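Data block below; observations after.
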Ligand code: ASP
Ligand code: MG
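Numbering (the working numbering), first residue to last: 9 to 424.
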């Protein structure tokens with residue numbers, strides 16, 4: 009059993025969907041489950057529709073554009089206008105409108121009843137096109153397979169029941185094709201839930217873990233995992249092999265090439281993850297596995313939209329363990345990830361993603377005890393496996409608010 013995952017860019021138009029078909033046609037003689045996300049930027053489009061609706065603005069034109077975008081792709085993929093797919097698109101639109109117009113008490117629940125339509129449209133179209141092209145493929149509804157708790161927008165996977173359900177439904181020994189949605193699942197009451205933005209990689213990892221897959225391949229528009237974003241750094245290098253540990257750290261610091269939750273389930277089962285270019289399927293890509301390496305070439309990771317918050321004691325005492333524990337307790341309670349931290353005698357500073365509504369509540373809770381300082385519009389730059397020369401090049405001309413160096417890594421928080 010192998011798992012493929014295709015993201016939005018790899019199915020953004022008819023030509024891209026044809027390219028997907030040709031990649032699938034080269035399958036080896038084992039079962040293959042393909043997980044796809046929404047086409048192009050459709051998840052953003054659906055989020056935008058929700059924002060318009062929630063602020064009482066006109067959203068009908070945006071719905072029309074959303075429908076037309078999929079309709080145009082189908083028009084190019086299917087030779088005849090009376091192919092069943094066009095009725096399927098009408099039905100999807102009815103369902104989308106129905107979900108959009110229901111009354112919701114909980115905004116996050118509303119999000120999870122609307123935004124998954126990106127994946128429902130994409131899988132319906134791709135499934136239909138594959139079969140239309142003679143590639144027999146079984147459609148699976150991920151909501152009947154990935155079972156989560158009821159935390160809307162960030163469903164937590166219930167692994168035991170998910171594993172049982174998946175194995176009951178999928179015959180991993182049958183050497184056929186399966187197709188399903190990334191990003192979505194459902195809770196025990198049958199409500200649709202999403203797993204967090206960009207969560208399709210994680211879906212692929214969930215299926216792989218539950219099915220003890222041999223390999224997961226994530227098809228991207230880049231040649232593999234690079235040591236920096238080519239738009240920000242000139243001489244990027246591609247890693248041929250990296251360990252689960254290195255890859256997971258990179259995602260933690262902000263590398264967006266794979267979703268941060270993807271590595272763990274694969275590493276536990278030692279399932280290798282291949283990151284490859286859908287534009288150049290025969291090129292080697294990057295293999296993430298249980299490998300060992302000494303020092304890898306440095307990686308430079310840029311994480312935008314950061315803020316720096318400093319908590320300063322008021323009573324001429326020091327930042328001691330009890331003060332730290334008050335602060336950390338609230339970070340845990342509000343479920344806020346700290347990206348970097350530093351403490352001095354009278355002040356403790358943290359760097360977190362912004363804007364974060366939860367952060368405002370945390371600041372309110374601590375304002376009686378501390379003077380709190382806040383800087384926004386910052387970028388966190390992490391250099392993994394750094395060397396002196398690279399660090400001084402990177403620092404040149406930057407307005408650095410906080411910096412830190414460990415044995416292998418360098419981090420700085422800079423004003424943008
Ligand atoms: N379509 C979803 C998103 O854009 C999930 C994904 O792409 O992985 O966030
Ligand atoms: Mg995506």
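Every residue gets a Cβ at the ideal spot worked out from N, C-alpha and C, and that includes glycine. Keep in mind that this is a model prediction, so the values were computed, not measured.
- Residue 135 carries a helical assignment under DSSP once its states are collapsed to helix, strand and coil.
- In terms of CA proximity to residue 206, 259 leads the group 381, 107, 411 and 259.
- Per the Cβ contact rule, the region 82-99 is not in contact with the region 165-174 (fewer than 3 Cβ pairs under 8 Å).
- Collapsing the DSSP output to three states places residue 206 in coil.
- For residue 46, the CB falls within less than 7 Å of some heavy atom of the ligand ASP.
- With a cutoff of 7 Å, residue 191 counts as near the ligand ASP, since its C-beta is closer than that to a heavy atom of the ligand.
- Secondary structure at residue 402: helix, using DSSP grouped into helix, strand and coil.
- Looking at the DSSP output, residue 346 shares a beta bridge with no other residue.
- The C-beta of residue 113 has fewer than 16 other C-beta atoms within 10 Å across all chains shown, which makes the residue exposed.
- If you keep only unbroken alpha helix (DSSP H) runs of at least 4 residues inside the region 292-349, you get 329-341.
- Put simply, the region 298-310 does not touch the region 330-341. Fewer than three CB pairs are less than 8 Å apart.
- For residue 367, the enclosing alpha helix (DSSP H) starts and ends at 365-374.
- For residue 361, the enclosing beta strand (DSSP E) has its first and last residue at 355-361.
- The closest CA to that of residue 71, considering only 416, 229, 126 and 255, is found on 126.
- As DSSP reads the structure, residue 185 sits in a beta bridge with 40 and 145.
- Between the region 29-41 and the region 238-252 there are fewer than three inter-stretch CB-CB distances shorter than 8 Å, so the stretches are not counted as touching.
- Bridge partners of residue 249 according to DSSP: 295.
- DSSP, read as helix, strand or coil, puts residue 415 in coil.
- Beta bridge pairing from DSSP links residue 422 with 387 and 408.
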